[in-house]
Amino acid sequence: MPRWGMVIDLDKCSGCQACVVACSAAGNVPLGSPELAAMGRLIRWMQVLPQVEGEYPHLRAQMLPIMCQQCDKPACTYVCPVAATYKTQEGIVAQIYWRCIGCRYCVNACPYTLKWFNWSQPQWPGATTEATNPDVELRDKGVTEKCCLCHHRLQWAKQRARAEGRSMRPDEYVPACVEACPTRCIVFGDLDDPESEASRLARSPRAFHLLEEVGTKPKVTYLKPK
Amino acid sequence: MMSHIDEEILRSVTTRPTRAYRVTCIVLALVLLWSFVAWGWQIRHGLGVTGLNSPVFWGLYLVNFVFFIGISHAGTLISSILRLTNTWWRRPFTRLAEAITVFSLPFGATSVIVDLGRPDRLFNVLKFPHFTSAILWDVVCITTYLITSCLYFYLALVPDIAVCRDRFRDTNSWRRSFYRALAVGWTGTPAQHRTLDRLMTGMSIFLFALVISVHTNVSFVFGMTTKPGWHSTIISPFFVLGAIYSGVAAVIVFAALFRRLFGLEAYLTQKHFNSCAKFLLALCCFWFYAMIIEHLYVFYGREEAEFNLVYNKFFGDYAVLFWTMFILCCPLPFIFLAVPRLRTLRNLVPVCILINIGMWLERYSIIIPSGAHPYLSWGLGSYFPSWVEISITLGWFAGFTLLLLLFVRYFPSLTIWEIKEELGANSVTQSGTDQLVGLPIAANS
Amino acid sequence: MLVAEWTPSQGPVDALGQATGWRHWRSDIAGANGLVSFGWDWLQAHPNPTEAQKAFATLRERNAPMLFVGPRFNPTAARANEWIACRPGFEPLVALALAHLLLNEGRIQTPAGLESFAEALFGLDLSDAERQSHVPLRRLREMAQIVGTRQPFLCLGGRDRLQDQWAVVALNALLGNVGREPGGLIPTPETGLRPAVATESRPNSIHAEELPQIIGEGRDVEAIVLVDVNPAFCSPAPKRWHEALRRAKHVVCATSFMDETAALADVIIPLALPAERQDAYRDSASGQLIAVPADDIRTSRLSLTDSASQGAANEVRLKPEVSELFEPVLPPPQGVLSPATLAFELARRLDLPTDVFPWQTPADVARGLVVDQPRVAGLQIPATAADWIPPNFSDGEMHLLLETPVTLPRGQGGHLPQLLTTVAPHLREWWTTWVEVNPETARHLRLDDRDEVIVESTAGSIRARVKIFPGVPPDAVAMALGLGHRVGQFAQREGGNPAELIEWRQDEESRVPLWNLQKVNIRKA
Chain A
1 MPRWGMVIDL DKCSGCQACV VACSAAGNVP LGSPELAAMG RLIRWMQVLP
51 QVEGEYPHLR AQMLPIMCQQ CDKPACTYVC PVAATYKTQE GIVAQIYWRC
101 IGCRYCVNAC PYTLKWFNWS QPQWPGATTE ATNPDVELRD KGVTEKCCLC
151 HHRLQWAKQR ARAEGRSMRP DEYVPACVEA CPTRCIVFGD LDDPESEASR
201 LARSPRAFHL LEEVGTKPKV TYLKPK
Chain B
1001 MMSHIDEEIL RSVTTRPTRA YRVTCIVLAL VLLWSFVAWG WQIRHGLGVT
1051 GLNSPVFWGL YLVNFVFFIG ISHAGTLISS ILRLTNTWWR RPFTRLAEAI
1101 TVFSLPFGAT SVIVDLGRPD RLFNVLKFPH FTSAILWDVV CITTYLITSC
1151 LYFYLALVPD IAVCRDRFRD TNSWRRSFYR ALAVGWTGTP AQHRTLDRLM
1201 TGMSIFLFAL VISVHTNVSF VFGMTTKPGW HSTIISPFFV LGAIYSGVAA
1251 VIVFAALFRR LFGLEAYLTQ KHFNSCAKFL LALCCFWFYA MIIEHLYVFY
1301 GREEAEFNLV YNKFFGDYAV LFWTMFILCC PLPFIFLAVP RLRTLRNLVP
1351 VCILINIGMW LERYSIIIPS GAHPYLSWGL GSYFPSWVEI SITLGWFAGF
1401 TLLLLLFVRY FPSLTIWEIK EELGANSVTQ SGTDQLVGLP IAANS
Chain C
2001 MLVAEWTPSQ GPVDALGQAT GWRHWRSDIA GANGLVSFGW DWLQAHPNPT
2051 EAQKAFATLR ERNAPMLFVG PRFNPTAARA NEWIACRPGF EPLVALALAH
2101 LLLNEGRIQT PAGLESFAEA LFGLDLSDAE RQSHVPLRRL REMAQIVGTR
2151 QPFLCLGGRD RLQDQWAVVA LNALLGNVGR EPGGLIPTPE TGLRPAVATE
2201 SRPNSIHAEE LPQIIGEGRD VEAIVLVDVN PAFCSPAPKR WHEALRRAKH
2251 VVCATSFMDE TAALADVIIP LALPAERQDA YRDSASGQLI AVPADDIRTS
2301 RLSLTDSASQ GAANEVRLKP EVSELFEPVL PPPQGVLSPA TLAFELARRL
2351 DLPTDVFPWQ TPADVARGLV VDQPRVAGLQ IPATAADWIP PNFSDGEMHL
2401 LLETPVTLPR GQGGHLPQLL TTVAPHLREW WTTWVEVNPE TARHLRLDDR
2451 DEVIVESTAG SIRARVKIFP GVPPDAVAMA LGLGHRVGQF AQREGGNPAE
2501 LIEWRQDEES RVPLWNLQKV NIRKA
């Protein structure tokens, strides 16, 4: 069973946010509005978090592409009363949108605050309804959502392989952010395969995890800038 | 035999309600109705109509949840635990305490339902239960608690319903059949008393366990996350203590109210209130102890996330909230409860109301600041409730008060049979004037 | 017919053109062993952002140092190994000072042909440069250490005043980057149309942005065809264009989305991108019907319709008098049908005069009718390149530093939904026009985060929200171009357009529009 994970090289991230746009397009993430943003209710599964420190002219910045950390011990899955969020056998922390009762316990339990709640009915203005991804469910109001590692692409790859009577190759499954990133700073693969690039990079001496001390064992690894 | 006791206590049931009472009930009913309108609005438009946002995902509804479940514990404590210890002064309070328990639990439980994003999917909890979730434990616990308290409440009511039945036997109102049906043939024989006593003792033990476990369970909802401020071991004892503290204060408030309204000074004497007040003082001290412990460790340890949160509570955005809450919960009550000269019934009622306000603010100061200051924070970091949340909160309080007011219209507000027990056992105490120990007080104060 | 070049995305085109005769060239960023940019936010403003990010990744992989010289901590500075903060407008002086240091410290030898320049550079006073540019000498020496020890070390700059461009080109020439492959400035073959470089034989070649001036001076313009540009929104002092477009007899606009220029057009031709759905669409604000988009831009079937006709998907109604004019426009043999070529073809079919402004088509080149000859003599850097005169800023208290966000290329796209939330990665600001203010300045002016302010200049005034950001110097504020759209179904219709604050100024010699010499005042609204 592969264990899917990601490695993000912070040295190469230029903060261009192509990943954010690709993720929002692939995941049917609602666009939002300035009003929603001002209320702190904008949903973006993938974000580039800037961390700017210092005073003029001695400033330092770090761009941190951040999304659901796909923990191996996900705090969110334990607390859901209806098991609407759960971890698949391949390690993806997934959501069952139609089952979610909207209690927001999982959203509160996530130490990274990387789960999102639909406070109102998502609006798709004008022609944008026709630009949604048909492979991903559109969520209703009152439901929690988050990055699921473009799980629909995994299902496509498996189906294609099955139709062709062979097993799926790991490189056939590529999440949208990985595909869009121009600097190739996001690497994706099977962490349990010692030969995959993702697992090799995850063992790099520059590797670290966010909030390591909380013990959630996130499968998104970051590489410190050189 | 002691029928004048029955008459006096049944005053609320037999006399016509005053105009003031009717107007109050109507006003409360309107407020409750308005809260349903607000809830309907929220169901239609989603939780976006509240002031909730990222990262403050839980707000007034959860505060109400913890608060109402909290005050329900005092009921059980006074009527069952103090029953097991055979504390003498509990007797006049038990009826109201149990009533408060039974009436506040539904409001607590519906607060969570109001908070759900998809209340139409409520039964998913039964269809797809996930037993590692503290919310599911809460569902089980609170349901058990509600059922058990209702049963206990009813059992304690049966002898009094029999009194009512006897009182209305010769009238032709619908109440005659009503009470007769509910009295299930109680005649007050020693055998029946023994059965009742055994049942109630047994249930008291069970309820004893529930008092501790239910609110501990409620605290699990918060404590089982890793949020700074929630993930502390003291949150459970703190919640239980706070629950009992606010609940006993609530009981005192309503007891004093009905005492005044229905002239029950003979049975709810100054001595009873005095002893209850001393119990409240003990709870106040325990609460203060838990407060110190919780914050002392954080200040000394200076672990960043927790420290930032506590610093914000003490000196930052939440300082006004926190210190108001603290003053209302601790130093102010302490003065009025500890100093015998000040521990009068006239002072006790406002102090208890303030304690309840303070405890509501305390729930707020546990839930919202931690929500606004998670480990990794973006989004707004502040919260202000919207009209929907405020309407529903006010509606819930109105509904609770309304239920109590309606209750005393049809059932005695004191436990007649227990009071008869007390008076029978202690023939010294009589109706009439009583005095607080050590102080000359005018009658009917 | 003019090609409207988006100058904030360009390098020192004019100076390099005069030095080498090239009109088209590229900076081989990925091939360099080091990179220094003088004021040009290339990670965002590069004409091909994807290539820019890829090149950045390559630089990182090879541990090639990337330096940025400029007043503001923009995304390029944030990702640079070293950010050298300097006074706004004085980056070219830093380039010259660096060149002086490299020569004087013997880190580089004077290349052949550049002796007169090197000698003129010798007279540069370093302490004066330090004083004027606010870059300490120590920093300059550190820069020289980094630049002088790696080859090739590429220098980038923007398309500003000609003498600013000369400083960057001269430094590149000294470092041997001109014509060097990999890692230098490399000429590229030309395809399709190209506007002519101003030469002695044709000195009056104009920049597209001068068109409103020309119309204002009384020149009779029959038609303006605008292809994939939005000057009524994104050019310095865009209100000039409103008047000009009203005066022209016919305005045809070929665009993918409804915008301010299209709103002033008589006819809108949709430029379909392959990802677009093939449906008729209409601007929700004005109700104006936009014609059915073509199938594929490479074999585009142009369709013209008037506002009365409505069509189902893929159905086209043509105005009878023009339908016979339009047959499929095929791509030229060299490659892709660029908007410029498309525009030229349109103009030709509509019988609009195209010879007023110098132009060359591939057919002209094929027939041997080449108007300009690239200079074949060697690289020529005049000695005057070393005499750098400080810029003459417009009146105002604070410098206005403009940014062209990577998600709003060419200052456009602010009317597209998804991109509006990714405009400022370092600020987490979305949608609304903001103005970045230094914390000290904010304290001094008593401004809080998200306060509404009025930003005023000699050209106009707009409203914006304050964003307190330590990355701007205390005497400057920064804004991003591209926000403040009023037209288009996703336009937010709030906040102002920073382009309205820019006075219309041109560099005298290169005629390039000048965006970066503006100063503004801000006050609480």
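Residue numbers (my numbering), protein chains in the order written: chain A, 1 to 226; chain B, 1001 to 1445; chain C, 2001 to 2525. Backbone N, C-alpha and C define an ideal beta-carbon position, used for all residues, glycine too.
Please classify residue i as buried or exposed, where buried requires at least 16 neighbouring CB atoms within 10 angstroms.
| i | result |
| --- | --- |
| Asp171 of chain A | exposed |
| Gly1040 of chain B | exposed |
| Lys226 of chain A | exposed |
| Met1 of chain A | exposed |
| Val187 of chain A | buried |
| Leu2059 of chain C | buried |
| Arg1016 of chain B | exposed |
| Ile43 of chain A | buried |
Could you tell me which residues DSSP puts in a beta bridge with residue i?
| i | result |
| --- | --- |
| Gly54 of chain A | A:Leu59 |
| Asp190 of chain A | A:Trp4 |
| Asp9 of chain A | A:Leu223 |
| Tyr86 of chain A | A:Ala94 |
| Ala2085 of chain C | C:Gly2070 |
| His1215 of chain B | Its beta-bridge partners do not exist; DSSP assigns none. |
| Gly2034 of chain C | C:Phe2153 |
| Met2479 of chain C | C:Leu2402 |
| Glu2456 of chain C | C:Ser2461 and C:Asn2521 |
| Ser24 of chain A | Ser24 of chain A pairs with nothing; no bridge assigned. |
Rounded to whole angstroms, how far is the Cβ of residue i from the Cβ of residue j, which I believe are closer than 8 Å?
| i | j | result |
| --- | --- | --- |
| Ile101 of chain A | Asn1124 of chain B | 6 Å |
| Cys150 of chain A | Ala180 of chain A | With 8 Å as the limit, Cys150 of chain A and Ala180 of chain A do not qualify as a contact, their Cβ atoms being about 11 Å apart. |
| Thr1094 of chain B | Ala1156 of chain B | 7 Å |
| Ala2095 of chain C | Leu2124 of chain C | That pair is no contact at about 11 Å. |
| Val2455 of chain C | Ala2464 of chain C | 6 Å |
| Tyr1311 of chain B | Leu1283 of chain B | The Cβ separation is near 28 Å, so there is no contact. |
| Ala16 of chain A | Pro182 of chain A | A small fix is needed here, since residue 16 of chain A is Cys in this sequence, not Ala. Contact holds; Cβ gap of about 7 Å. |
In chain D, what lies closer than 8 Å to residue i by C-beta?
| i | result |
| --- | --- |
| Lys12 of chain A | Absent here is chain D; the protein component of the structure consists of chains A, B and C. |
Would you kindly check if the distance between the Cβ of residue j and the Cβ of residue i is under 9 Å?
| i | j | result |
| --- | --- | --- |
| Ser1035 of chain B | Ser1382 of chain B | no |
| Glu2434 of chain C | Leu2093 of chain C | Per the sequence presented here, residue 2434 of chain C reads as Trp, with Glu not at that position. Result no, Cβ atoms of Trp2434 of chain C and Leu2093 of chain C do not sit closer than 9 Å. |
| Arg2161 of chain C | Val2520 of chain C | no |
| Phe1314 of chain B | Phe1322 of chain B | yes |
| Ile2502 of chain C | Leu2419 of chain C | no |
| Ala2015 of chain C | Val2169 of chain C | yes |
| Ile2146 of chain C | Glu2105 of chain C | no |
| Leu1264 of chain B | Pro1106 of chain B | no |
| Asn1217 of chain B | Ala1134 of chain B | yes |
Could you check what DSSP says for residue i in three-state terms: helix, strand or coil?
| i | result |
| --- | --- |
| Phe2233 of chain C | coil |
| Val2435 of chain C | strand |
| Trp116 of chain A | strand |
| Ser228 of chain A | Nothing can be reported for residue 228 of chain A, as the shown portion of chain A is limited to 1 through 226. |
| Arg1198 of chain B | helix |
| Ser1445 of chain B | Caution is warranted here: a pLDDT of 38 is assigned to Ser1445 of chain B, below 50, making its placement in the model unreliable, and no coordinate value can be reported. |
| Arg1090 of chain B | helix |
| Ile1078 of chain B | helix |
| Ile1232 of chain B | The sequence shown places Ser at residue 1232 of chain B, rather than the Ile named in the question. Note: Ser1232 of chain B maps to coil in three-state DSSP. |
| Leu107 of chain A | Looking at the sequence shown, residue 107 of chain A is not Leu but Val. Val107 of chain A: helix per DSSP, three-state reduction. |
| Leu1052 of chain B | coil |
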